[in-house]
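Let me begin by presenting the structure, written as structure tokens, before commenting on it.
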Amino acid sequence: MAATTAASLTLSKPSSLPFNHTHAFPKTPSTFPTLLPSAVKPLFLVSSKNPLSDVISLPAAEDGAWDDEKPREECGVVGIYGDPEASRLCYLALHALQHRGQEGAGIVTVHNDVLQSITGVGLVSDVFNESKLDQLPGSLAIGHVRYSTAGQSMLKNVQPFVAGYRFGSVGVAHNGNLVNYRALRSDLEDSGSIFNTTSDTEVVLHLIATSKHRPFILRIVDACEKLKGAYSLVFVTEDKLVAVRDPFGFRPLVMGRRSNGAVVFASETCALDLIEATYEREVFPGEVLVVDKNGVQSLCLMSHPQPKQCIFEHIYFALPNSVVFGRSVYESRRRFGEILATESPVDCDVVIAVPDSGVVAALGYAAKAGVPFQQGLIRSHYVGRTFIEPSQKIRDFGVKLKLSPVRAVLEGKRVVVVDDSIVRGTTSSKIVRLLKEAGAKEVHMRIASPPIIGSCYYGVDTPSTEELISNRMSVEEIRNFIGSDSLAFLPFDSLKKLLGSESPNFCYACFSGNYPVEPTELKVKKVGDFVDDGLNGSLDSIGGGWVQANRNQIQIGS
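Each residue of the sequence shown is one higher than the one before, starting from 1 at the first, in UniProt numbering.
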């Protein structure tokens, strides 16, 4: 495996990795040219969709939106080099990654050696239109979609971030989470750094700016050597596109190429498909890929242990049509369903899914069990984060807005309903009640993941450990709580057996409590408390959202 080759190199500074690529670009030189300071510091231009207000309030429903029950992927990133319509392609690629973040979007392009940025709060289609994209010319671009951890998104926290330093300008977009963010920020502030946001991504820019190295690539390596946690990053300078993945490879990042030779980086292959870029490979854990006029060069960021890729990409986050960590997401979910049918069978008349993430696993379950799959729940795709409830309260209002039971499918039937996960359990109980009110004779819940017992520290918005129902209750207690006639989870051992020889390359911390990188600090929501990561003021005042890691519950290892 090529990633293993990269792992065998121990380099304090980058050197070429023994990867052989065929490029549309000229042959890559063996060394990087030194970045020369410009006579005049390059400029960057920043625009926003809402210049009048930095805060956009999105009040939630009283009983919570249905999707708030699920773990949330924090971000999606895109980078494009060498296409005259880079901003439009970036826009389309971000649209394909919209499921990874719906609270904010941004694009940075390079034109005449000037970095130009437009960011805004909302969906990609809300932030950008034809006139906005016309303001972003150039053949080099990066983009970002963001998920905020609460009901507010601060415009100033929407990426990509752009900053100037003594040798030029740099833009960055980040997917992941740094577990040593507070310590790094504190050290930088003690040295005189001033922060404009509360995003851990800004730390990366400060580390680059304060690095003692001259070439930009060495500054990136110097900065990343100080980072702990999960990061898939794309950088843009006046003439370069750079992609970096953390040594454990927690979050996905892939490389593709369009027919005109343009190089594309994206969080998922579904973004490559939409813009007609051919998937080439992943960015390897611990790798730095640099794209410029000389072509593509691969460097080793640092030596790294066994990869620890996020298994939840295959369970919930990624789209089924994506290939993530070299595996088809669709095939993974289908097999999860087959395993549930084999190991947790039950007499039933129909199999349904909680749409959309439970659909493929439900298809696998139905096919293996020889029972028809039908659409017993219809999802509305037109409900936003805000809605008005009648004065006479409607029970399970948030769930009913998004999910509508089909009585013709359910009435008098023994129903197996497949979902991807159970987090707090509150939504599952509402779904069971909804199905029984629609006439289901029996409701059997099948969950296409093992029980979630630990919070994620590596770029996924999960509740605090105290809120996770599987951390507090047995399977039977959960079954009783949600009101189903039976309940079964995907067995952890069966999941690892399915992954075979690749099993050690995945992170299962949310299922096992074993964390590959020690989480000494964590920004999560305390019980019942949603925390925005964009509040003004000191870190200590951010809504109590910083929770010290509970060392009694954390094991360091695989």
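The beta-carbon is built from N, C-alpha and C at its ideal position, and this holds for glycine as well.
{"query": "Neighbourhood of E343 by C-beta, 8 Å cutoff - its chain only, sequence neighbours within 5 removed", "result": "A488, P491 and S494"}
{"query": "Span of the beta strand (DSSP E) around R219", "result": "That residue, R219, is in no beta strand (DSSP E); its alpha helix (DSSP H) goes F216 to C224."}
{"query": "In DSSP terms, what F128 is bridged to", "result": "F128 is not bridged to any residue."}
{"query": "Expected contact under 8 Å - CB spacing of L434 and I453 to nearest Å", "result": "That pair is no contact at about 27 Å."}
{"query": "Buried or exposed (CB count within 10 angstroms, at least 16 for buried), D83", "result": "buried"}
{"query": "Entirely enclosed alpha helix (DSSP H) segments - the region 255 to 288, minimum 4 residues", "result": "269 to 274"}
{"query": "Inside the region 492 to 522 only - alpha helix (DSSP H) runs reaching at least 4 residues", "result": "492 to 499 and 509 to 512"}
{"query": "As assigned by DSSP and simplified to three states, the class of V406", "result": "coil"}
{"query": "Exposure of I394, with buried meaning 16 or more beta-carbon neighbours within 10 Å", "result": "exposed"}
{"query": "Any C-beta of chain B under 8 Å from that of C507", "result": "In the displayed structure, chain B is absent; only one protein chain is listed."}
{"query": "Under 8 Å between C-beta atoms of D246 and G176", "result": "yes"}
{"query": "Euclidean distance between Cα positions of G376 and S484", "result": "16 Å"}
{"query": "Selected residue, minimal CA-CA separation from I356, among S404, S193, I217 and V110", "result": "Note on residue identity: the sequence assigns Asp, not Ile, to residue 356. Out of S404, S193, I217 and V110, S404 has the C-alpha closest to the C-alpha of D356."}
{"query": "Cβ-based neighbour list, V283, same chain, cut-off 8 Å, excluding 5 preceding and 5 following", "result": "S232, A243, V244, R245, L253, V254, M255, F265 and L289"}
{"query": "Between the CA atoms of G412 and G459 - distance to the nearest angstrom", "result": "43 Å"}
{"query": "Collapsed DSSP secondary structure at V415 in the structure displayed", "result": "strand"}
{"query": "Residue nearest to A105 in terms of C-alpha spacing, selected from L272, V329, S87 and N112", "result": "S87"}
{"query": "DSSP state of L227 mapped onto helix, strand, coil", "result": "coil"}
{"query": "As assigned by DSSP and simplified to three states, the class of K13", "result": "Note that K13 has pLDDT 34, beneath the 50 cutoff, so the model's placement of it is unreliable and no number is given."}
{"query": "Backbone secondary structure at I447 - three-state DSSP", "result": "strand"}
{"query": "Whole-number beta carbon distance between L97 and E268, since they are thought to touch under 8 Å", "result": "6 Å"}
{"query": "Nearest candidate by alpha-carbon position, reference P307, set H381, F325, L299 and L155", "result": "F325"}
{"query": "Cβ shell of M473 (< 7 Å), same chain only, five flanking positions each side left out", "result": "F481"}
{"query": "Three-state secondary structure (DSSP) of G168", "result": "strand"}
{"query": "Reduced DSSP secondary structure (H/G/I, E/B, other) of V432", "result": "helix"}
{"query": "Between the CA atoms of Y382 and L123 - distance to the nearest angstrom", "result": "13 Å"}
{"query": "Cutoff 6 Å; reference R335; Cβ partners in own chain excluding five residues on either side", "result": "L498"}
{"query": "Buried or exposed (CB count within 10 angstroms, at least 16 for buried), E103", "result": "buried"}
{"query": "CA nearest to the CA of F167, picked from Y81, V203 and I208", "result": "I208"}
{"query": "Where the alpha helix (DSSP H) containing R472 begins and where it ends", "result": "I469 to R472"}
{"query": "Contacting residues, own chain, Cβ-Cβ under 8 Å from R424 (five flanking each side not counted)", "result": "E69, P463, E467, L468 and I469"}
{"query": "Among H95, I339 and L89, the one whose alpha carbon lies nearest that of R258", "result": "L89"}
{"query": "P84 in three-state terms, based on DSSP", "result": "coil"}
{"query": "Of the listed residues P504, K400, V158 and D349, nearest to Q374 (C-alpha basis)", "result": "D349"}
{"query": "Through-space distance from L363 to S30, alpha-carbon basis", "result": "Here the model assigns S30 a pLDDT of 33, short of 50, so the residue's position is not dependable, and the following value carries that caveat. C-alpha separation (whole angstroms): 50 Å."}
{"query": "Close-in-space but distant-in-sequence residues of the same chain around E280 (CB under 7 Å, 5 per side omitted)", "result": "M255, G256 and R257"}
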